[in-house]
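In what follows, a single structure is set out as structure tokens and then discussed.
2 protein chains.
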Amino acid sequence: MRRKRLNKAACPIARALDVIGDWWSLLIVRDAMRGTTRFSDFHKSLGMSKNILTRRLRTLTGQKILELVPAADGTAYQEYRLTDKGRSLYPVLMSLALWGQDNAPTNGPKSHLVDREHGQPVRGVNVIASDGRILKAGETRMVRTG
Amino acid sequence: MRRKRLNKAACPIARALDVIGDWWSLLIVRDAMRGTTRFSDFHKSLGMSKNILTRRLRTLTGQKILELVPAADGTAYQEYRLTDKGRSLYPVLMSLALWGQDNAPTNGPKSHLVDREHGQPVRGVNVIASDGRILKAGETRMVRTG
DNA sequence: CCGTATCCATTCCGATACTG
DNA sequence: CAGTATCGGAATGGATACGG
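Chains A and B are the protein sequences, given in the same order.
Going by this note's numbering, the first sequence opens with residue 1, and the numbers climb by one from there.
Going by this note's numbering, the second sequence opens with residue 1001, and the numbers climb by one from there.
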């Protein structure tokens, strides 16, 4: 029996997870956001088998999160680039990064998030109401639309 | 061969995904944030088999994202409650919800996120630098800490 | 009501070898 | 470089039946 599909769920969280809620997709998008574009570079960075990388890249391009375009460097190859839809996953990745920094420790080497311009740590990720207020857990709810 | 464990990864995104990057965990946390506490209520809401729900709840309590406490209503049962660590996943869920609203459409009924007080749509999720600036994709990077 | 215990199908993932 | 082909092991997920 297959996994339950959530792409028809009313809840946008469930639908989002149906698209990018698997182990590798967000890591591929993370690399793409750093500037990775080539198959071999994803492969080296992620250490996954080429087999699965192929499948994931195909899914992500199918979802229009990545697109396959002629390589910018003039070689005969192609490269994977983030679309706007993919780039809009930025807050998802950043909130995951901040949560991981604080709540998923490791003894080994670790990195943390800084802003590129000043090198200072990122302060946080805020949920903003339409009037500009910062919303906390419990101050939002979901309402039925259609 | 097992899935590659990412709990020793330097990247906090990878470590975060190692903990909560599976299909069901974030949906359980979502329900918990709405106030769901009881096994049967999670079960009804998620429509998954009790088998797996048990496993996931155990993992989440093991990770201290949920905790099992005596039921508040005086019954002999227990209930699952979010810890602070669990509640701090709020920005992750919200950014997923906003992404899903815009990028994972459905023909069926759908919900969207509003702030509880005024019922207005949530504006967005912002990444905030230490000096208060709002950061966009490409304006952050990861640096090695330890 | 809140789970556990089995059983089974599917999917995921990794390793390796091979191709244009 | 960028995949494809094949294999096998592992984890996931569902159905069902059962127990405290």
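For each residue, glycine too, the CB sits at the ideal point set by N, CA and C.
**Q.** Cα-Cα separation, A:L46 to A:I28
**A.** So the alpha carbons of these two residues sit roughly 8 Å apart.
Q) Bridge partners of A:M142, per DSSP? A) B:L1113
Q. So with Cβ pairs under 9 Å, would you call B:Y1090 a contact of chain A?
A. yes
Q: Give the secondary structure of B:M1001 by DSSP, where H, G and I count as helix, E and B as strand, and everything else as coil.
A: Unreliable placement is indicated for B:M1001, whose pLDDT of 48 sits below 50; no coordinate value is reported for it.
Q. At a CB-CB cut-off below 9 Å, which residues of chain A make contact with B:V1069?
A. Result: empty, since nearest Cβ-Cβ is about 18 Å, beyond 9 Å.
**Q.** Inter-stretch contact (C-beta, 8 Å, three-pair minimum) for the region 1004-1015 of chain B and the region 1115-1126 of chain B
**A.** no
Q: State buried or exposed for A:Q120, treating a residue as buried only when at least 16 other CB atoms are found within 10 Å of its CB.
A: exposed
Q. Can you tell which of A:H118, A:L98, A:E117 has its C-alpha closest to the C-alpha of A:Y110?
A. The residue asked about is misnamed: residue 110 of chain A is Lys in this sequence, not Tyr. When only C-alpha atoms are compared, the closest one is A:L98.
Q: Kindly list, in the order they appear in chain A, the residues whose Cβ is closer than 9 Å to that of B:H1148.
A: There is no way to answer for residue 1148 of chain B, as the model of chain B reaches only from 1001 to 1146.
Q.
I need the boundaries of the beta strand (DSSP E) containing B:N1103, first residue and last residue.
A. It is not in any beta strand (DSSP E) - B:N1103 instead sits in the alpha helix (DSSP H) that spans 1090-1103.
(Q) Please state whether the Cβ-Cβ distance between B:R1116 and A:E139 is less than 9 Å. (A) yes
**Q.** Within chain B, partners of A:L66 - CB distance below 7 Å
**A.** The contacting residues do not exist; A:L66 stays about 13 Å from chain B at best.
Q | Reduced DSSP category for B:I1065 - H, G, I as helix; E, B as strand; rest coil | A | coil
Q) What is the DSSP secondary structure of A:A81, counted as helix, strand or coil? A) Per the sequence shown, the amino acid found at residue 81 of chain A is Arg instead of Ala. Here A:R81 sits in strand by DSSP.
Q) Quick one: does B:L1060 have its CB under 9 Å from some CB of chain A? A) no
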